[in-house]
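Take any residue in the sequence shown, count from 1 to its spot, add 57: that is its number in this note's numbering.
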Amino acid sequence: MFPDHAVYNSRNTIILYGTLIYMAIWLCFAWLRAQQSRRALEKNSEQARIISAISEIYCFTFLVNVQRGTVRIIKHPEEQLMKRERAWSMNEVVRMQAEHNVAPDFREAFISYCDLTTLAQRLKENPNLTLEFRDPKEKVYLMTTLPQNYDRRGRLESVLMVTQDVTAEKERERDYQLQLKKTAEDAERANIVKTDFLRRMSHDIRTPMNAIIGFTSLAATHIDNKEQVLDYLKKISTSSQHLLSLINDVLDMSKIESGKVELRHESFNFRAFLQDFENLYGEQAKSKGISYETILASDLEVQIIGDSLRLNQVLSNLLSNALKFTPAKGMIKLRVSKTGEDQENVYLRFEVIDTGCGIAEENYDKIFESFEQENVDVTYKYGGTGLGLSIVKRFTGLMGGGIHVTSVQGSGSTFTVDLPFGKIKESGKPTRF
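This is how it looks when you write it as structure tokens:
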């Protein structure tokens, strides 16, 4: 027992300290609750920002409560669907999406993908759970499921289902695959063509080589017969020129494809240039019983600036082809005309016209490709590497011009080449012919 004054004298102090301790405990508890609430708010805010940022990328964004089977529509093309206050049921959203935004062929797969009863297990087996489907307008979509929350027992509580329009990517992928396929087919076709070219080249080279060897042997055998030896030498010279032209074609194409062709810009006598062609091909045409004519359709400058060697190769290839494909009693014309001029350049057109076998219209582009001829019959009947017209096209392009062909099978062809040349700057009127 304590006297009453001993007890009541310390009562106020005890109450004061007790109150202070209680308030301190309450304040600590309130502060901890406030911190927890703040962290939860920050977490929810961060999740909301992440979901909002993700929703900008996707056209459909659904936050799905797996355990309750409810959906909150975060993003949808129809904005009124996002304004609904209460959550949607998952079955309702799946039915709505399947009916309006999924093509009939993909609806069964879409409904199966959205089945919440198996979703947790499927995500455990495959964290990258996606579905590709098309809508009724044939647009392609990729749907992805992203786990969001798990409860205290580790069970899946909510997921984010996002859908992205990947139509453009699919089209690019399809175009890329088509391009790869085309490249592979082109490479295979090129290999076949080059193999055929090597086979033909071996035959074409062997023919003049055999002639050279054979006539050389005959000339040695008949060394005392001057006339016969001269005839053999003439045939050897012809075969040698043919062999040289084959080799030159291959070398020219090799230079063109490697980008090592250099064009010269030098003045040359254009009148003398055309006269040389008149003499050379006029004589060759006469020996085959073919009529040859050079037509000057307009006044032309005597001196022009350009690459006379490449021009020679272009016209030589065209005229050689004309001679090759034109039968006896046929006709070949080289028509030269001016299509225009300015202070720096004169623009000339060269037309090689023949009455040969002609070319089918569907083969116009083919004949200008490397190692190609119109068809197999042409190769076996007339021979050749199939490089001449390809070289002509490449050279005309390098010289700033172009070439095109018109033809009627059985009646003949016209190859038209348009090229620019520099003008000689002289005082007074330029000399023309």
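Idealized CB from N, CA, C, for every residue including glycine.
- By the criterion of at least three beta-carbon pairs nearer than 8 Å, the segment 376–390 is in contact with the segment 341–359.
- Going by DSSP, residue 345 is part of no beta strand (DSSP E) at all; its letter is neither H nor E.
- DSSP places residue 468 outside any alpha helix (DSSP H), giving it a letter other than H or E.
- The DSSP assignment places complete beta strand (DSSP E) segments of no fewer than 3 residues inside the segment 196–246 at 197–207, 213–222, in order along the chain.
- In the three-state reduction of the DSSP assignment, residue 293 falls in the helix class.
- Residues of the same chain with a CB within less than 8 Å of the CB of residue 141, apart from the 5 flanking positions on each side, are 130 in chain order.
- Comparing C-alpha distances from residue 445 to each of 424, 463, 454, 457 shows the shortest one belongs to 424.
- Residue state for residue 408 is assigned as strand, using DSSP reduced to three classes.
- With contacts defined by Cβ atoms closer than 8 Å, residue 375 and residue 472 form a contacting pair.
- Contact between the segment 165–173 and the segment 185–198 is present: three or more C-beta pairs spanning the two stretches fall below 8 Å.
- Just so you know, the alpha carbons of residue 416 and residue 226 end up roughly 43 Å apart.
- Membership of residue 383 in any beta strand (DSSP E) is not indicated, and neither H nor E is assigned to it by DSSP.
- Counting along the chain, residue 186 sits inside no alpha helix (DSSP H); it lies in the beta strand (DSSP E) bounded by residues 186–191.
- One alpha carbon belongs to residue 292, the other to residue 279, and they sit about 15 Å apart.
- Judged by DSSP secondary structure, residue 150 falls within the alpha helix (DSSP H) whose first and last residues are 147–158.
- Look at the beta carbons and you see the segment 358–378 touching the segment 316–325: at least three pairs across the two are nearer than 8 Å.
- The alpha-carbon of residue 193 is positioned some 14 Å away from that of residue 153.
- Taking 8 Å as the cut-off, the beta carbon of residue 372 is found closer than this to the beta carbon of residue 407.
- Between the alpha carbons of residue 450 and residue 459 lies a distance of about 7 Å.
- Residue pairing by DSSP places residue 475 opposite 406, 459 in a beta bridge.
- When beta bridges are read from the DSSP output, residue 397 appears opposite 404.
- Fewer than three Cβ pairs drawn from the segment 172–179 and the segment 82–99 lie within less than 8 Å of each other, which leaves the two stretches out of contact.
- With fewer than 16 other CB atoms across the displayed protein chains lying within 10 angstroms of its CB, residue 161 is exposed.
- Linking residue 123 to residue 145 through their CA atoms gives a straight-line distance of about 12 Å.
- Residue 221 is positioned such that its CB atom lies closer than 8 Å to that of residue 198.
- Boundaries of the beta strand (DSSP E) harbouring residue 360: 360–363, taken from the DSSP string.
- The residue among 447, 243, 369 with its C-alpha nearest the C-alpha of residue 338 is 369.
- The three-state reading of DSSP puts residue 89 in helix, counting H, G and I together.
- Sequence-distant Cβ neighbours of residue 268 in its own chain, meaning closer than 7 Å and more than five residues away, are 292, 296.
- DSSP places residue 131 outside any alpha helix (DSSP H); the residue lies instead in the beta strand (DSSP E), whose first and last residues are 127–132.
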